[in-house]
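Presented below is the structure to which this report refers.
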Amino acid sequence: MGTRLIIGSILTVAGFIIIAICYLGSRNPGKPKWTSEIIMGSFIIPLSIGGMVMGPMLIGEAMWVNGDSLTSFDTTVAFSILAAGVVILLMMRIPKRAAAYDALCSAAEKMEDERQRTERSDVSDNSIGQGA
């Protein structure tokens, strides 16, 4: 039974998907609470990186050390899990969402800059009117 091979595939895929979700969450202008530096830096990212490191190690160990005892079913399931992970990552449309979030942020920054300019001009108009 290629349990280590399958677990390695699951850990690898889960690590990459979680990192992708964290990337999108941190780029989101709404900033969800779970994207704070404390939660991401202390819990989510170390566990994801651990999965991304341990997964390929388990896959390699299963392929080279226990390669003789692996069945074609084990390898098919493991590679199907990896392929499903790639499909999920592609379906997330990460570059497109990141570009949309950047556009939202830049539009919000432009609106904020315009609001500050109008406030400054209102203040300067009021001070000119009071000085006369």
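Letter by letter, the sequence shown follows residues 59 to 190 in our numbering.
Glycine residues also receive a C-beta, built at the ideal position from the N, C-alpha and C atoms.
Asked	Found
Using a 10 Å radius around the Cβ and a threshold of 16 neighbouring Cβ atoms, would you call L148 buried or exposed?	exposed
Looking at the structure shown, is S127 part of a helix, part of a strand, or coil, going by DSSP?	helix
Quick check on M149: does DSSP put it in helix, strand or coil?	helix
Compute the beta-carbon to beta-carbon distance between G117 and L63, rounded to the nearest angstrom, for a pair I have assumed lies under 8 Å.	Note that residue 117 corresponds to Ile in the displayed sequence, not to Gly. 6 Å between Cβ atoms; contact.
Confirm, please, whether the CB-CB distance from G143 to F101 is below 8 Å.	no
To the nearest angstrom, how far is it from the Cα of P87 to the Cα of Y159?	6 Å
Report yes if the C-beta distance between L105 and A156 is below 8 Å; otherwise report no.	no
Among the candidates E119, K89 and I103, whose CA atom is the shortest distance from the CA of S67?	E119
Please work out which residues of its chain come closer than 6 Å, Cβ to Cβ, to R85, disregarding the five sequence neighbours upstream and downstream, and give them in chain order.	A156 and Y159
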